[in-house]
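Enquirer:
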Amino acid sequence: MRCYYDVLSIDSHATAHEIKKAYHAQALKWHPDKHQQSAMSIEEATKIFQELQHAYRVLINPHERNWYDNHRDQLLQYDRDASAEDGSIMFDHYTRDSAFKGYNDHQKGFFAVYSAAFQHIVDLEEIEEGLPKFGNVTDELGSVQDFYVKWMSFSTKRSFSWMNIYSTTEVTTRIFRRAAEKENKRRRERAKKNYNQKVRELVKFVRKRDSRILEFEQEKASQRESQRTFKAQRNLAKKAAYEQAKISFQRQQLEAWERNHVDSSAGEPEKTGSEQYLNGALPDWVQYPDDAQLSCVVCDKTFNTDKQLRNHLYSKKHGEIVAMMKLDGHLDNLVSTKIGIDDLQTRFSPFNVIDETKMPDQVGEQDNFLEKTMSPVSSDEKMVDTKEKRLARELRAAEKRRERKEQRKLEKRQERNVLTHLERSQSTK
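Every letter in the sequence shown is one number past the one before it in UniProt numbering, and letter 144, counting from 1, is 144.
1) Are residue 222 and residue 196 closer than 7 Å when you measure CB to CB?
2) How is the beta strand (DSSP E) around residue 301 delimited, first residue to last?
3) Let me know if residue 375 comes out buried or exposed under the rule of 16 or more other beta-carbons within 10 Å of its beta-carbon.
4) Go ahead and pull the three-state DSSP assignment for residue 153.
5) My output table needs one value for residue 12: the three-state DSSP class, helix, strand or coil.
6) Grab the span of the alpha helix (DSSP H) containing residue 124 for me, first residue to last.
7) Residue 4 and residue 59 - do their beta-carbons sit closer together than 7 Å?
8) Indicate whether the contact test is met: 3 or more Cβ pairs, each with one atom in the region 205-215 and one in the region 141-149, closer than 8 Å.
9) Considering just the uninterrupted stretch of the alpha helix (DSSP H) at residue 309, what are its terminal residues?
10) For residue 226, which three-state DSSP category applies?
11) Only counting the same chain, and skipping five residues up and downstream in sequence, which positions put a Cβ closer than 8 Å to that of residue 164?
12) In angstroms with no decimal places, state the Cα-to-Cα distance between residue 26 and residue 64.
13) Counting beta carbon pairs with one atom in the region 235-255 and one in the region 132-140, are three or more of them shorter than 8 Å?
14) What is the residue span of the alpha helix (DSSP H) that residue 52 lies within?
15) Look up residue 131 in the DSSP assignment and say whether it is helix, strand or coil.
16) DSSP state of residue 189, grouped into three classes?
17) How would you call residue 12, buried or exposed, if buried means at least 16 neighbouring beta carbons within 10 angstroms?
18) For residue 226, count neighbouring C-beta atoms within 10 Å of its own C-beta (all shown protein chains included) and say buried if the count is 16 or more, exposed if not.
19) Am I right that residue 322 and residue 297 are in contact with their C-beta atoms under 8 Å? What's the rounded C-beta distance?
20) Mapping DSSP to helix, strand and coil, what is residue 102?
21) Out of 23, 16, 17, state which residue places its alpha-carbon closest to the alpha-carbon of residue 9.
22) Give me the Cα-Cα distance between residue 249 and residue 306, rounded to the nearest whole angstrom.
23) Quick check on DSSP: helix, strand or coil for residue 163?
24) Got a sec? Which residues, its chain only, sit under 7 Å from residue 192 by beta carbon, not counting five neighbours each side?
25) Rounded to a whole number of angstroms, what is the C-alpha to C-alpha distance between residue 406 and residue 190?
26) Leaving out five residues before and five after residue 143 in sequence, what residues of the same chain have Cβ atoms less than 8 Å from its Cβ?
27) Residue 418 to residue 180, Cα distance in whole Å?
28) Report all residues from its chain with a CB closer than 7 Å to the CB of residue 433; omit the five preceding and five following residues, and keep chain order.
29) Among the candidates 57, 162, 391, whose CA atom is the shortest distance from the CA of residue 7?
30) Is it the case that the Cβ atoms of residue 103 and residue 117 are separated by a distance below 7 Å?
31) Taking the straight line between their C-alpha atoms, what separation do you get for residue 70 and residue 139?
32) Return the first residue and the last residue of the alpha helix (DSSP H) that residue 92 is part of.
33) Under a three-way DSSP split, which group does residue 385 fall into?
34) Give me the Cα-Cα distance between residue 273 and residue 310, rounded to the nearest whole angstrom.
35) So residue 100 and residue 91 are in contact, right, with Cβ under 8 Å, and what is the actual spacing, rounded?
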């Protein structure tokens, strides 16, 4: 299609009067009844006259002209891109290993083939600042990484206007034009997304086979392996040194303890250093029976060695029993407190006779205390009331969701009806 302003031979800032004047002049020139004067066939003259009428109807209406001015570049770009298709780039061919032969710069080599492929994509974009070039085998690693970083985020600038199925310039009513524009936009966006995905898949395919990247990754993997081996050896050396220091420290502590307690154990039966250490450090429930065996009074168990006893004291089962004993003592305190509260309530029970000789103020204070201490707390009623309120809120929210769902269904139904009407009108033409 041609620009409507060019059809009427006027400027884009022409007034309504100038548009009418230009239309009348062009109509007299291109009317089919006068086609013999211009040495033109009836079909060609009729086509030009219809184009003239359509341009006049659009530009004479302020709303139609405003919409046309806002979308004029897109409408004109449609004709320039009408012959372009996604199939101009053979993605299926380039994503096969048979697309190249060897890693060299020859005509069918890896770098020559994919340099031409990426350059073809850049040429179709028609942008001034092109994307990085693919390069060759002698490129440095920095330029290679920059190429893949930018191409992995590729996003096309092409309009994909050839994916439109409705011609918005031929639609007269606003509601039909908006529906047609929406459908055309949906198809263009889907085609753009598919095209971007194909280009990025091509980049991934090439990157996995690029000898420059493969050499770099192999070198990086060998460095990681060397670092892992070095760290493992260092950790083993640290662990061995720690164990040696631990054994030495324990030996020194045991010798120091034996020297400090040799005098205090002069009048007692002879015991080993480990037994003396356990007797001084373990809790009261750990005792030595007469048969020189270690035991735990809480769990009623005996042990042959101090190591077994110490493992038992740090076990989960032993800790649970000790915790239960502490809990029982705490419950005893709570029970005693509860008995005192019950005794207080009994003293002020409403069934007891109140001494009539008491002063009125004392009786009032007693009644207030009974109301505070003896009145039942209606927690169940509060819980029921809270559940009812929550249920009511959920019902209201569900009703609103149902209304929104029905509204969306109605809008989609109206849109389908509009698109169906457009398809029928175009098929009849």
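All residues carry an ideal CB built from backbone N, CA and C; glycine is no exception.
Expert: So, from the listed chains and residues:
1) No, they are not a contact pair.
2) Start and end: 301-303.
3) Only weak support exists for where residue 375 lies, its pLDDT of 46 falling under 50; the coordinates are left without a value.
4) Coil, per DSSP.
5) In the structure shown, residue 12 sits in coil (DSSP, three-state: anything other than H, G, I, E or B).
6) Counting along the chain, the alpha helix (DSSP H) containing residue 124 begins and ends at 110-125.
7) In this structure, residue 59 lies near residue 4, with their beta-carbon atoms less than 7 Å apart.
8) A contact is defined here as three or more CB-CB pairs under 8 Å, and the region 205-215 meets this definition with respect to the region 141-149.
9) Judged by DSSP secondary structure, residue 309 falls within the alpha helix (DSSP H) whose first and last residues are 306-313.
10) In the structure shown, residue 226 sits in a helix (DSSP, three-state: H, G or I).
11) Taken in chain order, the residues that qualify are 78, 184, 187, 188.
12) Residue 26 and residue 64: Cα-Cα distance of roughly 21 Å.
13) Under the Cβ criterion (8 Å, minimum of three pairs), the region 132-140 does not count as touching the region 235-255.
14) From DSSP, the alpha helix (DSSP H) with residue 52 extends over 42-60.
15) Note: residue 131 maps to coil in three-state DSSP.
16) When secondary structure is reduced to three states using DSSP, residue 189 falls in the helix class.
17) With a 10 Å radius around the Cβ and a threshold of 16 neighbouring Cβ atoms, residue 12 comes out exposed.
18) Note on residue 226: under 16 other CB atoms within 10 angstroms of its CB, so exposed under the neighbour-count rule.
19) About 11 Å separates the Cβ atoms of residue 322 and residue 297, ruling out a contact at the 8 Å cut-off.
20) In this structure, DSSP gives residue 102 a state outside helix and strand, which the three-state scheme calls coil.
21) The shortest C-alpha separation from residue 9 is found at 23.
22) Cα to Cα, the separation comes out at about 19 Å.
23) Secondary structure of residue 163 (DSSP, three-state): helix.
24) Here the set comprises 156, 160.
25) For residue 406 and residue 190, the distance between alpha carbons rounds to 27 Å.
26) A distance below 8 Å between beta-carbons, with the five flanking residues on each side excluded, links residue 143 to the following residues of its chain, in chain order: 132, 135.
27) Taking the straight line joining both Cα atoms gives about 8 Å.
28) No information on residue 433 is available, as it lies outside the stretch 1 to 429 that the chain covers here.
29) Ranking 57, 162, 391 by Cα distance to residue 7 puts 57 first.
30) Not in contact: residue 103 and residue 117 (Cβ atoms no closer than 7 Å).
31) Whole-angstrom Cα-Cα distance: 46 Å.
32) If you look at residue 92, you'll find it in the alpha helix (DSSP H) that goes 91-94.
33) Looking at residue 385 - three-state DSSP - the assignment turns out to be helix.
34) Here the model assigns residue 273 a pLDDT of 45, short of 50, so the residue's position is not dependable, and the following value carries that caveat. Spanning the two alpha carbons is a distance of roughly 15 Å.
35) With 8 Å as the limit, residue 100 and residue 91 do not qualify as a contact, their Cβ atoms being about 15 Å apart.
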